[in-house]
Amino acid sequence: MDKPLIVVNFKTYASASGRAAESLAVAMEAHAQGPARMVAVVSAFDLEAVRRAAPSLEVWTQHLDPVGLGGFTGWLEPTTAIHRGAQGTIINHAEHKVSMEHVNSLKEQLSDEFPICGCAADLEEARSLAEIGPTFIAVEPPELIGGDISVTTADPAIVSDTVSVVKAVNPRVRVLCGAGVKNGADVAKAVELGAEGVLLASGVTKATDVEAVLSDLVSSLQ
């Protein structure tokens, strides 16, 4: 089995944007050879700088649009994102919803070697994403995002049920879970419920001691 994933969404937090994004990426890079596959999900503005600051850290972008080079003002065009350092992307996050057609068109445009993580709010959305077949599906109940209670505690059934639903549709898709994930105990519970990693944000990006949080997140995977 591949390493479990710890995917940190930098969002546009002040503590994870610009120079702060570079510093956070360097802290994550220190754990990149550990028991988890560390992934930083950064603003498109920060892709190149983060890759330069932390060259051995896997870096994804927060969104892409299924467009090509041309007259697409304001869209995030994949070729340029990849040129600037994107090694994967999340899509359909609760804070940036798109249609299933958008996800499908993006998948068709990108290489199978480029990871796509589709975010799902519930089982039905997870099933629809599984039919498209992204690399990962991360189930994140929107009401728990940014909160103090992890999905693994508040609604463990949605994690295990998402695993069952997704694997029944497409066993190649790997399932992650997120919303309220903060510590190593949450990671351990996610793996116990059948997920292959976690997607989190504020638990790392707003931490007063980032190194301690990152160490704790991987502690159950040693």
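Counting in our numbering, the sequence shown runs from 50 upward without gaps. A virtual CB, placed ideally from N, CA and C, is assigned to each residue, including glycine.
query: Rounded C-alpha distance that separates residue 110 from residue 95; result: 9 Å
query: Simplified DSSP state of residue 153, which is helix, strand or coil; result: helix
query: Straight-line Cα distance separating residue 195 from residue 64; result: 15 Å
query: Closest by C-alpha distance to residue 167, when choosing among 150, 158, 185, 159; result: 185
query: Cβ contact check for the region 174 to 191 and the region 140 to 153: 3 or more pairs under 8 Å; result: yes
query: Distance between residue 120 and residue 239 (C-alpha atoms, nearest Å); result: 43 Å
query: The region 196 to 209 touching the region 150 to 160, judged by at least three CB pairs closer than 8 Å; result: no
query: Complete runs of the beta strand (DSSP E) confined to the region 176 to 206 [at least 3 residues]; result: 185 to 188
query: Distance CB(residue 234)-CB(residue 269) smaller than 8 Å; result: yes
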